């Protein structure tokens with residue numbers, strides 16, 4: 350903030366706003382709005398008295414005032430409370446995926462991302478919906494919810510970072526195949542398993558990860574992306590990754606709360622955490638029930654126009670029951686059930702302690718190296734073993750100090 354030429358001190362008399370901005374390394378523009386903005390920014394660092402056009406500095410603040418919230422912001426203050434509470438008992442930093450951070454902050458519930466079509470099988474068994482309908486509802490609703498939640502959560506994180514309340518390191522990890530094992534089986538057949546490893550990305554890999562999507566849109570002249578172009582993007586990404594020798598990449602946020610803690614004890618932190626999380630969840634749920642529903646409805650109408658039709662005649666094939674099944678009230682009830690199950694909390698949702706444990710648990714489970722082609726039973730057994738080990742050690746001080754570390 351201070352310039353190299355001169356340090357601003359209490360008692361200094363500065364001739365005008367232009368000189369004040371120059372000394373404080375703030376850009377000065379000679380317009381009414383720009384002058385107002387400059388004064389607001391200067392007031393975060395200094396207090397003064399006016400003497401005509403001159404400024405007489407009365408004090409230099411040891412800790413700058415936080416940047417003001419954005420006028421249209423809905424979530425930042427509650428996200429701040431949640432992170433302050435979360436880190437009140439966690440030394441150091443914690444690494445989150447964006448989806449996991451959305452769970453911790455209450456944008457979605459802990460089951461989000463694990464809800465599958467069988468969770469809504471009862472709607473098909475009722476005879477009022479077909480499996481493709483349910484799959485469409487779930488995919489479309491999930492996409493829209495994810496877009497809304499991640500966008501607003503990311504904006505809140507950026508604002509808290511700008512206000513110097515949190516530090517955020519954005520780290521990219523890639524999955525690389527390191528070994529292919531061939532195991533003989535009964536009958537002379539061989540069973541092939543691929544062993545892969547998550548590791549920190551190189552500078553080149555991280556640069557590709559962050560630029561790939563925009564590059565794809567630029568190459569194809571796209572201004573927006575729909576389901577068709579996303580399939581093309583998946584193929585494009587697979588080719589690029591194949592040349593790099595990796596199969597997947599993910600970006601994680603390593604977050605540390607650096608603001609002052611205002612909580613006296615764990616009980617106060619937990620109550621503040623639950624209250625802020627509930628406020629966020631209520632706002633997101635209300636938005637999605639009102640806005641997302643309409644978008645899903647419009648897309649569903651287009652889906653019905655094409656689903657089950659003969660591509661040559663444009664008519665529904667004999668025996669198709671889509672039209673007779675479609676009922677607006679029943680469709681709205683099913684859609685709202687999905688939104689509630691993807692977002693809404695039961696009772697108070699996770700406590701602060703559970704959120705901390707769940708965050709570490711998901712990080713470890715998410716990055717367990719499981720071979721391609723392993724059976725569901727083997728996968729479940731591996732997950733249960735890891736979960737058991739974490740549960741045994743979650744309160745151990747050694748694990749607390751390593752909370753932010755991704756398993757290598």
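In this note's numbering, the protein residues as written are 350 to 757.
We put the CB at the ideal spot given by N, CA and C, even for glycine.
Computed from a predicted structure; not experimentally measured.
Under the assumption that residue i contacts residue j (Cβ atoms under 8 Å), give the Cβ distance between them as a whole number of angstroms.
{"i": "residue 605", "j": "residue 441", "result": "7 Å"}
{"i": "residue 776", "j": "residue 601", "result": "A query on residue 776 cannot be resolved here, the shown segment of the chain reaching from 350 to 757 and no further."}
{"i": "residue 292", "j": "residue 554", "result": "In the structure displayed, the chain extends from 350 to 757; residue 292 sits before or after that span and is not available."}
{"i": "residue 487", "j": "residue 687", "result": "6 Å"}
{"i": "residue 357", "j": "residue 406", "result": "6 Å"}
{"i": "residue 377", "j": "residue 387", "result": "6 Å"}
{"i": "residue 610", "j": "residue 453", "result": "That belief does not hold up - the Cβ atoms of residue 610 and residue 453 are roughly 17 Å apart, past 8 Å."}
{"i": "residue 603", "j": "residue 518", "result": "4 Å"}
Would the beta-carbon of residue i fall within 8 Å of that of residue j?
{"i": "residue 360", "j": "residue 627", "result": "no"}
{"i": "residue 705", "j": "residue 490", "result": "no"}
{"i": "residue 625", "j": "residue 431", "result": "yes"}
{"i": "residue 458", "j": "residue 694", "result": "yes"}
{"i": "residue 595", "j": "residue 637", "result": "no"}
{"i": "residue 369", "j": "residue 404", "result": "yes"}
{"i": "residue 565", "j": "residue 590", "result": "no"}
{"i": "residue 424", "j": "residue 505", "result": "yes"}
{"i": "residue 372", "j": "residue 384", "result": "no"}
{"i": "residue 433", "j": "residue 570", "result": "no"}
{"i": "residue 422", "j": "residue 508", "result": "yes"}
{"i": "residue 679", "j": "residue 447", "result": "no"}
{"i": "residue 561", "j": "residue 599", "result": "no"}
{"i": "residue 414", "j": "residue 393", "result": "yes"}
Would you mind working out which of the options sits nearest residue i, comparing C-alpha positions?
{"i": "residue 313", "options": "597, 449, 633", "result": "Here the chain comprises residues numbered 350 to 757, so residue 313 is not present and cannot be evaluated."}
{"i": "residue 760", "options": "380, 701, 446", "result": "Lying before the first or after the last residue shown, residue 760 is absent from the chain, which here runs from 350 to 757."}
{"i": "residue 450", "options": "437, 428, 469", "result": "428"}
{"i": "residue 630", "options": "699, 363, 473", "result": "699"}
{"i": "residue 639", "options": "689, 614, 499", "result": "689"}
{"i": "residue 635", "options": "438, 480, 497", "result": "497"}
{"i": "residue 514", "options": "412, 470, 620", "result": "412"}
{"i": "residue 391", "options": "381, 615, 438, 374", "result": "374"}
{"i": "residue 703", "options": "615, 682, 644", "result": "615"}
{"i": "residue 363", "options": "382, 398, 381", "result": "398"}
{"i": "residue 592", "options": "572, 644, 526", "result": "526"}
{"i": "residue 556", "options": "408, 523, 588", "result": "523"}
{"i": "residue 495", "options": "461, 644, 552", "result": "461"}
{"i": "residue 501", "options": "484, 644, 426", "result": "426"}
{"i": "residue 644", "options": "516, 510, 485, 588", "result": "485"}
Taking the beta carbon of residue i as the centre, do at least 16 other beta carbons fall within 10 Å, making it buried, or is it exposed?
{"i": "residue 558", "result": "buried"}
{"i": "residue 342", "result": "There is no way to answer for residue 342, as the model of the chain reaches only from 350 to 757."}
{"i": "residue 579", "result": "exposed"}
{"i": "residue 546", "result": "exposed"}
{"i": "residue 633", "result": "buried"}
{"i": "residue 471", "result": "exposed"}
{"i": "residue 550", "result": "buried"}
{"i": "residue 736", "result": "For residue 736, the pLDDT reaches just 46, beneath the cut-off of 50, and the residue's location in the model is therefore unreliable, leaving the point undetermined."}
{"i": "residue 437", "result": "buried"}
{"i": "residue 474", "result": "exposed"}
{"i": "residue 572", "result": "exposed"}
{"i": "residue 480", "result": "exposed"}
8 Å is my cut-off, CB to CB: does residue i come that close to chain C?
{"i": "residue 452", "result": "Considering every chain present, this structure includes no chain C. It has just one protein chain."}
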